[in-house]
Amino acid sequence: MNALLERPPAPAAPALPLTVRAGGPLQTLDRRPMAPFAAPVLDFLSALSHDLLASPDARRHPDIATFAFWCRRGHLQPMAEAWARGPARVGRGLVLHIAPGNVPVNFAFSLAFGMLAGNANIVRVAEVERAQTTVLCAALQRRFADPRHAVVAARNRVVQYARDDTVTAALSAQAAARVLWGGDRTIAHLRSLPAPPRCVDVAFADRYSLAMLDARAVNEAGSQALADLVRGFFHDAYLQDQDACSSPQLVVWQGEPAACAQARQRFWPALDALLEREYALAPIHAVDKLVQLCRAAAALPQAQSSVRHGNRIHRVQLQSLPAGIEQHRGHAGFFFEVDTTGFEPLAGVVDARLQTLTTFGLDRQALARRVVELGLTGIDRIVPVGQALAIGLVWDGHDLVSTLSRIVEVP
Amino acid sequence: MNNLEKYDATFVDTLMVGRDALAALKYQDVEAWDSVGHMQLMNALEEAFGIEMDIDDIIAFSGHEAGKGILAKYGVQL
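Protein chains in written order, with our numbering: chain H, 19 to 429; chain E, 874 to 951.
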């Protein structure tokens, strides 16, 4: 190994009032970047993937299984090969991640994105401990302790601390990039904390998502295809109680009114039957939904009627799509729905807040072209129903490997 | 252990099913082969045979018999 690589880590940071949940003390953090998809990172993530998938925790927490499946070698290696064909790249250095509280496994994804882009990382997990946080931190810590993963262990920390600007500011001051998750106000506040001049911020703020279903495709779907559609929608909307940014809040039916009416008669009862078998609604959510219903009726003149399937599904039918629909969010099974023909009625109300469009029976490439041609400010993802929560290295319209690394250009 | 034995052993270990039930076994036939079990099984097969499967093949992997043809695409002869 040459002398440069043996250089000791950068100067130590002062001790901060925080708890390290995975990794050694902050003072020993090695901030030196590596190439994206460096072999030690792929080795580490595939070992982590193996541990998690083999443990009973994967069965208790399907979201952990999904994370583990995402970071297995079979998924990452082909991406590594694709990136290796591009220009020379290296990570930016130290990335500070302020992880979200609404989706508990996203801190692990955020960490993995930072690692894969070639960085050292400090991830702050939300103060409210979720079962997934405990499981994932323990799994990370076990692998960090394995001498075979010393290169990765030296560069990564998961920390937890009460909301404290002095801590976040001290960490921000050392960051080459920040990945900020949170509500709009949280993001605005975090961004106001000073960072070095070249620091790059990636902000994952509040977003709004919807499903667009082709009525004819729903009407013509065989029983297996309908069951798959309903299960996919259940996964998208109910797995995180509609709290994820990519969970649908609005269902846009494509087709003539009679076809849409028929499709609704197939879709919602099938979903309700699945929910009856597999979804336990907390009583508080049932009350929330009634409150939402009253609020929507008062705020939206376009609301013409509502239908309830027990307490599991509340849906409000809109005569047309109002501007500002993204201000109306549901929770734990509360949807707006509208009948439309063509993409234009939706395009007319698309706002920068719109993130994921899940579709059934529609040409996603053609929809993506329309987003570009019409110069829309929102819609970053168009995926089949069932894939709403499938987070990846391109998220919210950002290519995270690109953003969190730099090109060493040789023109 | 030849490839077929390895293939069967991966099913038995991951899904906790008896060897005699394997031939007719399909996705969601047993409780352990649900969506999480599917991820565990696909990962175990990738590790056992040192392959990286395409997402379309992972979705198409609908049963013990169907999986043999899929693995053949990756040069694994069973």
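Glycine residues also receive a C-beta, built at the ideal position from the N, C-alpha and C atoms.
When you compare each of the options to residue i by their alpha carbons, which one comes out closest?
i	options	result
H/A213	H/H207, H/R196, H/G201, H/T204	H/R196
H/N139	H/L47, H/A53, H/L411	H/L47
H/L92	E/H937, E/M912, E/E938	Per the sequence shown, the amino acid found at residue 92 of chain H is Gly instead of Leu. Per the Cα distances, E/M912.
H/Q335	H/H207, H/H79, H/W271, H/E99	H/W271
E/I928	H/F55, H/M97, H/V59	H/M97
E/E938	E/L877, E/A897, E/N876, E/M874	E/A897
H/A57	H/W88, H/E99, H/T84, H/H416	H/E99
H/R249	H/A288, H/F85, H/T184, H/P266	H/A288
H/V365	H/T395, H/A350, H/D357	Note on identity: in this sequence residue 365 of chain H is Ala, with Val being the wrong assignment. That would be H/T395, whose Cα lies nearest to the Cα of H/A365.
H/V143	H/A187, H/N120, H/D219, H/A163	H/N120
H/L372	H/A350, H/A406, H/D357	H/A406
H/G360	H/D232, H/L154, H/E427	H/D232
H/I153	H/F162, H/I82, H/F222, H/C217	In the sequence on display, residue 153 of chain H carries Val and not Ile. Among H/F162, H/I82, H/F222, H/C217, the Cα nearest to that of H/V153 is on H/I82.
H/V428	H/A255, H/F252, H/R107	H/R107
H/H303	H/G328, H/R295, H/D254	H/G328
H/V430	H/L66, H/V390, H/N174, H/C89	This structure cannot settle anything about residue 430 of chain H, because the visible part of chain H is limited to 19 through 429.
H/L112	H/T204, H/I205, H/R103, H/G136	H/G136
H/I116	H/N237, H/A126, H/G109	H/A126
H/T358	H/V269, H/A76, H/D61	H/V269
H/Q337	H/G351, H/Q345, H/P319	H/P319
H/A350	H/E344, H/H253, H/D417, H/A384	H/H253
H/M230	H/A171, H/G132, H/A157, H/G273	H/G273
On the three-state DSSP scale, how would you describe residue i?
i	result
H/Q320	coil
H/G410	coil
H/H303	helix
E/G936	strand
H/I140	strand
H/V434	Chain H is shown from 19 up to 429; residue 434 of chain H falls before or after that span and cannot be answered.
H/L22	Per-residue confidence for H/L22 stands at a pLDDT of 49, beneath the threshold of 50, marking its modelled position as unreliable; no derived number is given.
H/A348	In the sequence as displayed, the identity of residue 348 of chain H is Gly instead of Ala. Residue state, collapsed to three classes: coil.
E/G942	helix
H/F87	helix
H/R107	strand
H/H226	Reading off the sequence, residue 226 of chain H comes out as Tyr, not His. Correct three-state label for H/Y226: strand.
H/H416	strand
H/C50	Position check: residue 50 of chain H holds Arg in this sequence, whereas Cys was assumed. Reduced to three states, the DSSP call for H/R50 is coil.
H/T421	helix
H/D398	coil
H/L336	strand
H/L231	strand
H/C263	coil
H/R216	coil
E/M926	coil
H/V309	helix
H/P35	coil
H/A315	helix
E/G891	coil
H/A30	Residue placement at H/A30 cannot be trusted, given a pLDDT of 49 that sits under 50; what the coordinates show is reported in the next sentence. Reduced to three states, the DSSP call for H/A30 is coil.
H/H79	coil
E/A905	coil
H/A193	coil
H/G92	helix
Assuming residue i is part of the alpha helix (DSSP H), what are its boundary residues?
i	result
E/N916	908–922
H/H253	241–256
H/Q267	From DSSP, H/Q267 is part of no alpha helix (DSSP H) but of the beta strand (DSSP E) over 266–272.
H/H68	57–72
H/E391	382–391
H/P275	275–296
H/P363	362–365
E/D881	876–888
H/L129	124–134
H/D183	183–190
H/A156	149–162
Would you kindly report the start and end of the unbroken beta strand (DSSP E) that includes residue i?
i	result
H/F352	352–358
H/F378	372–378
Could you please give me the residues that DSSP links to residue i through a beta bridge?
i	result
H/A40	H/V176
H/H327	H/I331
H/L198	H/I116, H/A221
E/K899	E/G936
>> Please identify, using Cβ separations under 8 Å, the residues of the segment 72–105 of chain H that lie next to chain E, in order along the chain.
In response: A72, A76, R77, P80, A83, T84, A86, F87, R90, R91, G92, H93, Q95, P96
> If contact means a Cβ-Cβ distance below 7 Å, which residues of the segment 892–905 of chain E contact chain H?
Replying inline: none
>> Any C-beta of chain E within less than 9 Å: which residues of the segment 36–69 of chain H qualify?
In response: Closer than 9 Å at the C-beta level to chain E, one finds these residues of the segment 36–69 of chain H: S64, S67, H68.
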